[in-house]
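Read the structure below first, then the notes.
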Ligand code: C2E
Ligand code: CA
Ligand code: CA
């Protein structure tokens, strides 16, 4: 829990009674640095100034002018790094939908409160506010520009991490997804969300993907030589598929290193596949598929043209987005989307990977529903190759003793 006295909280609600009530509740919990706004525009002015930008916003969803959802969009534009609690008199389902939307925008939510607000619930939510939350962890809100990424590429500062994918039925380690991080000489470890799109917008994504692929293939080769024949997933940006050279680059690299193409999975994000001219990407993907590379449709369920992509591209694997996996066992809406994705993928003969498996409940849910593979922090965080052997030993042990009890 963070220290209550030195955090800045902003409450945004059009109802002045609610503003007073919440301020009082917060004061009782020791949160004294609280400002209130009864409309979105005033709140945005506070957010735009460093000295008034809050660490936490309590946001009412239903407001007459700028509603809560629209307000969230402005927060995204401003790269707001603080936390959010949604407050609303709407039913819980509405709040959960809004919560998912906020999550999709990568804004960090502490939770939601139903009106009339219960002080105990508020206190409970605030108690989960960990000191390693993004505000504290990333005081560095620096926005990187093309030249920074160019320098990172020239200095070889991009480092591949690998997150295991395991069989749900047996616990066996089937493969790993390559997730790139930038080991910045001054700013520490920078996650891909802060530089991939900038690389895409500035024609640097081909260089970036080439470096990631070269590292990943070299790593796969080392693992294969040691008898660990993992299937290695690599994230491919739609922009990489704009030129036919990409196909040749991948094929040569994999052939030169003597790896079977079946052990290389190219993960393509569905939402990026929606460009108007899909002929070249389609040709590249189809040719790679003919050469026996594996193709994976990533973040399934979050885009708009899933069906068309499934029809047009011969994917081998479908990754159900983490937003529909974690807590699907206790949420009917998530479960409906998860079930539909699973059954559609299965009917098309694809391997189904559930992403974002965060806890034991998620894991058990996958076992009950017959998902093929699981990936997520419950199994392992993304690892450096040196940490892989020790993790594998621990995981295999856990599988034997806790997770998969052999039938009597
Ligand atoms: P993605 O492909 O959907 O990758 C999964 C993301 O979920 C990773 O975030 C991973 O660290 C995170 N994750 C894993 N397990 C859990 C869990 O249990 N709970 C939660 N909440 N999250 C989990 P990361 O590494 O920050 O990567 C973000 C995105 O950046 C990736 O999303 C991928 O789209 C992109 N990316 C990463 N590496 C590359 C790359 O080399 N090239 C391209 N073009 N994109 C990349
Ligand atoms: Ca991926
Ligand atoms: Ca994904």
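In the working numbering, the protein residues as written are 218 to 625.
We put the CB at the ideal spot given by N, CA and C, even for glycine.
Buried or exposed: where does residue 553 fall if 16 or more other Cβ atoms within 10 Å of its Cβ makes it buried? exposed
May I have the straight-line CA-CA distance separating residue 287 from residue 602, to the nearest angstrom? 42 Å
What number of angstroms, rounded off, separates the C-alpha of residue 547 from the C-alpha of residue 541? 11 Å
On the criterion of 16 or more Cβ atoms from any shown chain inside 10 Å, does residue 539 qualify as buried, or is it exposed? buried
Starting from residue 534, follow the beta strand (DSSP E) in both directions and report where the run begins and ends. 534–537
From 607, 360, 422, 389, residue whose alpha carbon lies closest to that of residue 404: 360
State the beta-bridge partners of residue 484 as determined by DSSP. 452, 513
Which of the three DSSP states is assigned to residue 460 in this structure? coil
Which of the three DSSP states, helix, strand or coil, is assigned to residue 381? strand
Within 10 angstroms of its Cβ, does residue 605 collect 16 or more other Cβ (buried), or is it exposed? buried
From the DSSP output, read off the bridge partner residues of residue 631. Because the chain spans 218 through 625 in this model, residue 631 falls outside it and cannot be assessed.
Looking at the strands, I want to know which residues DSSP matches up with residue 251. Per DSSP, 226.
N- and C-terminal bounds of the alpha helix (DSSP H) containing residue 368: Unbroken alpha helix (DSSP H) run through residue 368: 363–371.
Please say whether residue 432 and residue 377 have beta carbons closer to each other than 7 Å? yes
Cβ-heavy atom distance between residue 484 and ligand 2 below 6 Å? yes
Nearest neighbour of residue 318, chosen from 255, 298, 293 [CA to CA]: For the residues 255, 298, 293, the minimum Cα distance to residue 318 belongs to 293.
What residues in its chain sit with their C-beta under 7 Å from that of residue 621, if we drop five residues either side in the sequence? 387, 388
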